[in-house]
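Asks: Structure incoming, see below.
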Amino acid sequence: MDRIGPNPREMRKLQEKDIFMSRLQLLVVMSKAYLKDYPLGGYRAGAIKSNAAKLADAMTGWESYKKHFTAVNNRKLHILLDHILFQRIKLLLIMAISFAEGNPMGSHRKSALRNNIDYITDRFMFEDGSEPIPLLSVA
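So this is what it looks like as structure tokens:
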């Protein structure tokens, strides 16, 4: 019988950084969907607010949080971890909560959200040998 999925020998235990990256990726995807004028229903708005709150809690000690980002499965996770990235992620959380609560977003705020997303996604890259593989450019 054929087995589909990852090889169990290559799997590792789920870590805090995996959850952090998944939540951040989810917020990026939902923010990009919002920027493309996809409907923002109650379920999606609740998920945005919940994930933003949990990310904010996870980022309380940024200096101690940096240690969680190390090599992942023979790939080097290149993240320019600095205070600017920290502030940009916090800004994304605030902006996401704001539009999830129904606050108006004019063209300037949407442009700022788009620029912020671009800045964050440019900082998260996996490099596997020859060429970088974008991590957060899914939407």
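Final position of the sequence shown in this note's numbering is 124; the numbers increase by one with none missing. All residues carry an ideal CB built from backbone N, CA and C; glycine is no exception.
#1: Closer than 6 angstroms by C-beta to Val57: which residues in its own chain qualify, once you throw out the five before and the five after it? Chain order, please.
#2: Does the Cβ of Ala38 have 16 or more other Cβ atoms within 10 Å, making it buried, or fewer, making it exposed?
#3: Hey, could you find the ends of the alpha helix (DSSP H) Gln72 is sitting in?
#4: If I measure Cβ to Cβ from Ala124 and keep anything under 6 angstroms in the same chain, skipping five residues before and after, which residues do I get?
#5: Is there contact between the segment 22 to 42 and the segment 94 to 104, where contact requires at least three CB pairs shorter than 8 angstroms?
#6: Provide the residue span of the alpha helix (DSSP H) that contains Leu171, from first to last.
#7: Over the uninterrupted alpha helix (DSSP H) stretch that includes Tyr104, give me the two end residues.
#8: Could you check if Leu(-1) is buried or exposed, using at least 16 other CB atoms within 10 Å of its CB as the buried criterion?
#9: Taking its Cβ as the centre, do 16 or more other Cβ atoms sit within 10 Å of Asn36, making it buried, or is it exposed?
#10: Compute the distance between the beta-carbons of Arg73 and Ile105, then report whether it is under 8 angstroms.
#11: Can you give me the start and stop residues for the alpha helix (DSSP H) that Asn36 sits inside?
#12: Where Met90 and Lys2 are concerned, what is the direct C-alpha to C-alpha distance, given to the nearest angstrom?
Replies: Answer, in terms of the structure:
#1: Residue placement at Val57 is poorly supported in this model, since its pLDDT is 43, which falls under 50; the coordinates still yield a value, given next. No residues qualify anywhere along the chain.
#2: exposed
#3: His68 to Ala85
#4: For Ala124, the predicted model reports a pLDDT of 46, less than 50, meaning its position is unreliable and no value from the coordinates is stated.
#5: no
#6: Here the chain comprises residues numbered -14 to 124, so residue 171 is not present and cannot be evaluated.
#7: Ser92 to Arg108
#8: exposed
#9: buried
#10: yes
#11: Gly27 to Ala43
#12: 31 angstroms
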